[in-house]
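A short worksheet on the structure shown next.
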Amino acid sequence: MQGRDDHARRGTRSARTRSRDLWYLLPITALDLVLFAFPMAILAVVSFLQVHEFELTRQVTVKNYLFFLGNWVYLRVLLKTAVIAAVVTAVCLVLGYPFAYYLTQISRRWQRTALALVILPFWTSYLLRVYAWMTILGERGLVNKGLLMLGAIDEPVRFLLYNNVAVVIVSVYLYLPYSALALYTALERFDRSLVRAAMDLGAQPIQTFRHVVLPLTLPGVMASFIFVFIPMLGEFITPTLVGGTEGILIVNIVVSQLRALRFGTGAAMTFVIAALVVVLLLALRRVVNIERVFSS
Amino acid sequence: MLSYGLLVLAFFYLPLALLVLFSFNRSEIGSFPITGFSLVWYQRLFEDLFVQDAFRNSLAVATLATMIATPIGALGAFGLVRGRFRFKPVFTSLMVVPMVVPGLLIGIALLIVFVPIFRVGLSLWTAALGHVVILTPYAVLVVATRLYGFDRSLEAAAADLGATPLRVFWHVTLPLIMPGILAAALIVFTLSLDQFGVTFFTIGAEGTLPMYIWAQIEGGVKPTINALGTLFMAGSLLILLVAQVVLARRAG
Amino acid sequence: MDDRHRQHARQGHLSRRDFLRASAAVGMGMATAPWLSRLPLRADAAPKLSGTVDFLGWGGHKEDAQIKDFFERTGVKVNFVGFAENADALTKVKLEGGKKYDLVAIDALWVPKFNELGLLEPIDIKSWPIYKDLFDEFKDIKVWRAAGGKTLAMPWSWSPIIVWYNPKYVTGNPSSWDVLFDKKYQKRMAFERQPVDMIAYMGVATGAKDPYNMTKAQINEAKEALKRLKPNILKFIDDTGDLVKAFADESIWFTLANVGIGERVKAAGGPPLKSFFPKEGYIGYYDGDALVKGAADRDAALAWLQDKAQAKWLPMNFLRMYRPLAWKSGYDLLVKQGKADIAKAMMYDRPDLAMKMIVKGAPPNIGDYVDAFNEVMA
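These protein sequence lines are chains A, B and C, in that order.
When the first sequence is numbered by the working numbering, its final residue is 296 and no position is left out of the sequence of numbers.
When the second sequence is numbered by the working numbering, its final residue is 1252 and no position is left out of the sequence of numbers.
When the third sequence is numbered by the working numbering, its final residue is 2378 and no position is left out of the sequence of numbers.
As structure tokens, then:
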């Protein structure tokens, strides 16, 4: 508010400020152009080139796209990746929402401690966090040990590791903090007197939730989507380590193409996924302001 | 409610606890069963020449990435928060895109540019550039947060008292946003230390710590990486604590 | 030629050193600076040989003691980078060549493939003192011959790839590939992550005579077999050490591996295993270490190769992996140490067999193999 008044007052200065402020954006624009936009453009070009005997040629082809988009087997993996990502996002929301809500209810000091505790695991090796799950879910892992000790099972269960279930469990573990934080930010900003007002006006709790709470926390939900669903589309480590033969995701296929030096098909696949990500982001931009989410 | 909160926290910390536990376990498989207390994995870790190299490489890459990403990000934040221009929302979204696009995909794009197209050998340099691309948005956002909460009347007051724009920036603006810049540097540094995706495709023969860990995991886990993980955790904790203290003092 | 190499080496070094120096300089203000500035000094101090030998080798085959010893004597570090499959190694070397890797371990008929693509520099192994230590069969491998009496790779080890199983759970003394497809053994198998070889194994299992040169129809048949096998596969692994572990904790009952797995599982405290040569046929390998063309640390790499094959190291290597080596000196030393029985059990005294197997190689249509594998696993 104050800033805007300020600006109105010194209208003469703001023209100069404006042009100077644009210069600030030059380095980052240059960086993104050279090291992000340009590589993506090259990727797009390469995705239309043919590879012969492990070398890129100048021959233009659409075969790389046909290879990916024209083969139901690979499309199915893409689809499956989206489904797994959606499941992980949903589980993160379901588990994260009450947790985030709970955080907003406790005292400021405890909130801060709890937030630090949520963030801390990020600062441990991501690879080791995935790896550690193998010692939990494995045939001789913690879960089986516990269940055996309790007498709940007679012999170790084997459906916990090396399949889609394992991919979901470990991914939820990796991404739950993101979604919890995003939801916390939304809930924390949200003015609770609105709920009281709605109740005072005679709204049922469910109605209040649907018409007041949900719309107001929707940005948090959308932000979770950005920080869970989208990175999941590019998850490679988790399926590789705990997915076994059935838990493969799309990036595993991309990497296998690159490992066979098929830059063309690899680039086409990468480009399709990256394009998907950017479209999703731009679509979500209307609903959620990323900077605001992050500022927590 | 409290029990649910604790349960979620327990879920977050269970794997980490196991990591610490196994790092002190004598067993050769780096997993259950627990066969007795031992420091042997720490000893092996310190004897491993390549861990030391990887550690040094990681610090070098993170330092370079921080030195590039932080100023660029801070300037960008200025432009975004202060600038008033058309398409600003679109611009903002585009600027944070590299942060959200999976690192592995950016790594692939960079690999294709670096290697078959321009024939630049992959090295720590290329890895550091990859880190800069995806970590700069973090610096932007962290500094922007600080700028949003910034009281511009202080700058106006200094200007009214006759300070040149440069002096205003140097004596008023910079000290006020310094905690934000330091926080940004810290976040970029720590994220760089653990960056896997983009590194995977952009690094040369000399590896960083995550590359070392990946090689260990891929090539049959040895319990030394549990020790490494534990030290990693302890180190990050230390950095965070120090940062907390420093930033609190600065802000106060 | 030589000079160019050396210059190349120096350049490779400079950039590496520059990097550390530059980042040390910018980071001077930070507490980490003392750490960063240490490396260049040490590199300067190194005497005759210098650099780091970047060795692209089979995952899990890193010999720590040997590497440490070599470093202490020469100041040269051997940076071991593991891979799981020949095609993967080919990709890595093709992409970056000598800028990144000095040496690469390659299987039998993959060696000529690497050479065809211009990735290797032949080595003059006949001039090395250790040359006489090779078994005669490995002294002059026909497909590895290069101009001027040189060879494309230094022979290392060999073995047939056979079916291993845990007799506690698998009865009836199987002798055919068929046993792997039995629905009883759901998720009880692990294999190395080698798409091309998996298709080749399936080819042999379905009657293909030339598993690395299969027609489309044969590949299709192999692919169908892999589809049937898939439910039985628990996971693919990148290092045979993981096979040993999985056998030891009995999470798997089957694998395809070299002759040494049984002993390694026993050594890891696992159950006794049994094995068989499938009656329909099997595949084997002999491998070697090749010098990458344009290797940045060429001289150090050649010095390391000659050091690696010294007789004194061989028994240790054999008793870790339990598969025969190409070096007679190792066998003689094992006999002297009273380990003739185990060496013979692992066919260390039968190098003639190595030359009679169908060995691993690069199919002319690798892409079809990779696609077949991916389409089953996707």
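Just so you know, even glycine gets a beta-carbon here, dropped at the ideal spot from N, CA and C.
Nothing here was measured: the structure is a model prediction, and the numbers come from that model.
Go through its chain and collect everything with a Cβ distance to residue i's Cβ below 6 Å, but skip five positions before and after it.
{"i": "A1139/B", "result": "A1069, T1070, G1073, A1184, V1188"}
{"i": "L2334/C", "result": "P2315, A2343"}
{"i": "D2129/C", "result": "In the sequence on display, residue 2129/C carries Pro and not Asp. Cβ within range, chain order: n/a, list empty."}
{"i": "K2360/C", "result": "D2107, A2108, Y2285"}
Identify every residue that forms a DSSP beta bridge with residue i.
{"i": "F2083/C", "result": "W2058/C"}
{"i": "L2103/C", "result": "F2055/C, L2291/C"}
{"i": "A2190/C", "result": "K2235/C"}
{"i": "N1025/B", "result": "F1037/B"}
{"i": "Y2165/C", "result": "F2254/C, K2274/C"}
{"i": "H52/A", "result": "E55/A"}
{"i": "I237/A", "result": "Its beta-bridge partners do not exist; DSSP assigns none."}
{"i": "M1233/B", "result": "Looking at the DSSP assignment, M1233/B forms no beta bridge with any residue, so it has no partner."}
{"i": "P2155/C", "result": "G2288/C"}
{"i": "V2359/C", "result": "G2284/C"}
Thinking residue i and residue j are a contact (beta carbons under 8 Å), I'd like their distance in whole angstroms, please.
{"i": "R259/A", "j": "A2147/C", "result": "Not really, about 31 Å apart at Cβ, beyond 8 Å."}
{"i": "L1186/B", "j": "A1243/B", "result": "5 Å"}
{"i": "P2324/C", "j": "M2347/C", "result": "5 Å"}
{"i": "Y2101/C", "j": "L2049/C", "result": "Going by Cβ atoms, the distance from Y2101/C to L2049/C rounds to 18 Å, so no, they are not a contact pair."}
{"i": "W2156/C", "j": "D2289/C", "result": "6 Å"}
{"i": "G1207/B", "j": "F99/A", "result": "Incorrect: roughly 36 Å between the Cβ atoms, too far for contact."}
{"i": "M1095/B", "j": "P1137/B", "result": "6 Å"}
Considering Cα atoms alone, identify which of the options is closest to residue i.
{"i": "V61/A", "options": "V46/A, G70/A, I119/A", "result": "Val is not the amino acid found at residue 61/A; the sequence shown has Thr there. Comparing Cα positions, the closest option is V46/A."}
{"i": "T1126/B", "options": "P1116/B, L1045/B, L1110/B, L1182/B", "result": "L1110/B"}
{"i": "Y173/A", "options": "K63/A, A223/A, A268/A, L93/A", "result": "L93/A"}
{"i": "W123/A", "options": "F1046/B, G1162/B, L1191/B, D1048/B", "result": "L1191/B"}
{"i": "P1223/B", "options": "G264/A, N252/A, S179/A, T135/A", "result": "T135/A"}
{"i": "P239/A", "options": "M2321/C, K2094/C, M2377/C", "result": "M2377/C"}
{"i": "K2339/C", "options": "V2076/C, Y2322/C, S2159/C, A2326/C", "result": "Y2322/C"}
{"i": "I253/A", "options": "V2076/C, N2115/C, E2375/C", "result": "E2375/C"}
{"i": "R2264/C", "options": "D2182/C, S2159/C, V2244/C", "result": "V2244/C"}
{"i": "F190/A", "options": "V242/A, L214/A, A203/A, I206/A", "result": "L214/A"}
{"i": "Y101/A", "options": "S179/A, N144/A, L183/A", "result": "L183/A"}
{"i": "R1024/B", "options": "G1180/B, G1235/B, I1225/B", "result": "Residue identity check: residue 1024/B is Phe in the sequence provided, not Arg. Ranking G1180/B, G1235/B, I1225/B by Cα distance to F1024/B puts I1225/B first."}
{"i": "G2060/C", "options": "D2136/C, G2082/C, K2312/C, E2137/C", "result": "G2082/C"}
{"i": "A2311/C", "options": "L2226/C, Y2331/C, F2080/C, A2362/C", "result": "Y2331/C"}
{"i": "N2220/C", "options": "D2064/C, I2067/C, Q2066/C, A2372/C", "result": "A2372/C"}
{"i": "Y175/A", "options": "R58/A, L261/A, F67/A, V228/A", "result": "V228/A"}
Less than 7 Å between C-beta atoms, sequence neighbours within five positions excluded: which residues of the same chain meet that for residue i?
{"i": "L1240/B", "result": "none"}
{"i": "K2168/C", "result": "P2271"}
{"i": "G1197/B", "result": "P1102, G1103, L1104, G1107"}
{"i": "H2008/C", "result": "Since pLDDT at H2008/C reaches only 44, below the 50 mark, its modelled position is unreliable, and no value is offered."}
{"i": "V277/A", "result": "I230, L233"}
{"i": "A1065/B", "result": "A1128, H1131, V1132, L1135, V1188, S1192"}
{"i": "E246/A", "result": "N163, N164"}
{"i": "L2134/C", "result": "P2155, A2326, W2327, K2328"}
{"i": "K2274/C", "result": "Y2165, P2167"}
Among residues of its own chain, excluding the 5 on either side of residue i, which ones have a beta-carbon nearer than 8 Å to its beta-carbon?
{"i": "Q2186/C", "result": "P2231, N2232"}
{"i": "V165/A", "result": "F159"}
{"i": "P177/A", "result": "V118, I119, P121, F122"}
{"i": "V2204/C", "result": "W2177, P2211, P2278, E2280, G2281, Y2282, I2283, I2358"}
{"i": "W2304/C", "result": "V2053, F2055, F2070, V2076, V2078, L2103"}
{"i": "F2114/C", "result": "L2090, V2093, V2104, I2106, L2120, L2152, A2290"}
{"i": "F1022/B", "result": "G1030, S1031, P1223, N1226"}
{"i": "I2366/C", "result": "A2087, V2196"}
Inset, instruction - Using a Cβ-Cβ cut-off of less than 9 Å, give me the residues of the segment 129-141 of chain A that come near chain B, in sequence order. - result: Among the residues of the segment 129-141 of chain A, those with a Cβ less than 9 Å away from any Cβ of chain B are R129, V130, Y131, A132, W133, M134, T135, I136, G138, R140, G141, in the order of the chain.
Inset, instruction - Mind checking the segment 217-230 of chain A against chain C and listing, in chain order, the residues whose C-beta falls within less than 9 Å of any C-beta there? - result: Listed by position along the chain: nothing, the set is empty.
Inset, instruction - Please list the residues of the segment 2084-2111 of chain C that have a C-beta atom closer than 8 Å to any C-beta atom in chain B, keeping them in chain order. - result: Those would be A2084, L2095, E2096, K2099, K2100, Y2101, in chain order.
Legend entry - Residues of the segment 54-83 of chain A with Cβ closer than 8 Å to any Cβ of chain C, in chain order: Taking 8 Å as the Cβ-Cβ cut-off, the segment 54-83 of chain A approaches chain C at F54, N71, V73, Y74, R76, V77, given in chain order.
Inset, instruction - Could you name the residues of the segment 2164-2192 of chain C whose beta carbon sits closer than 8 Å to any beta carbon of chain A, in the order they occur along the chain? - result: The segment 2164-2192 of chain C vs chain A, Cβ under 8 Å: K2187.
Legend entry - Interfacial residues, the segment 2233-2252 of chain C to chain B, with Cβ spacing under 7 Å: Against chain B - using a Cβ distance shorter than 7 Å - the residues of the segment 2233-2252 of chain C are D2238, D2239, G2241, D2242, K2245.
Inset, instruction - Please list the residues of the segment 146-179 of chain A that have a C-beta atom closer than 8 Å to any C-beta atom in chain C, keeping them in chain order. - result: For the segment 146-179 of chain A, which is checked against every Cβ of chain C, the residues closer than 8 Å are R158, Y162.
Inset, instruction - Give, in chain order, every residue of the segment 2266-2282 of chain C whose Cβ lies closer than 7 Å to some Cβ of chain B. - result: For the segment 2266-2282 of chain C, there are no residues whose beta carbon sits under 7 Å from a beta carbon of chain B.
Legend entry - Residues, ordered as in the chain, of the segment 20-35 of chain A that lie near chain B by beta-carbon distance below 7 Å: Taking 7 Å as the Cβ-Cβ cut-off, the segment 20-35 of chain A approaches chain B at D21, L22, Y24, L25, P27, I28, L31, D32, L35, given in chain order.
Legend entry - Contact list for the segment 255-286 of chain A against chain C, Cβ threshold 9 Å: Of all residues in the segment 255-286 of chain A, those with a C-beta nearer than 9 Å to a C-beta of chain C are S256, Q257, L258, R259, A260, L261, R262, reading in chain order.
Inset, instruction - Please list the residues of the segment 92-117 of chain A that have a C-beta atom closer than 9 Å to any C-beta atom in chain B, keeping them in chain order. - result: Of all residues in the segment 92-117 of chain A, L95, G96, P98, F99, Y101, Y102, L103, Q105, I106, A114, A116, L117 have a Cβ within less than 9 Å of some Cβ in chain B.
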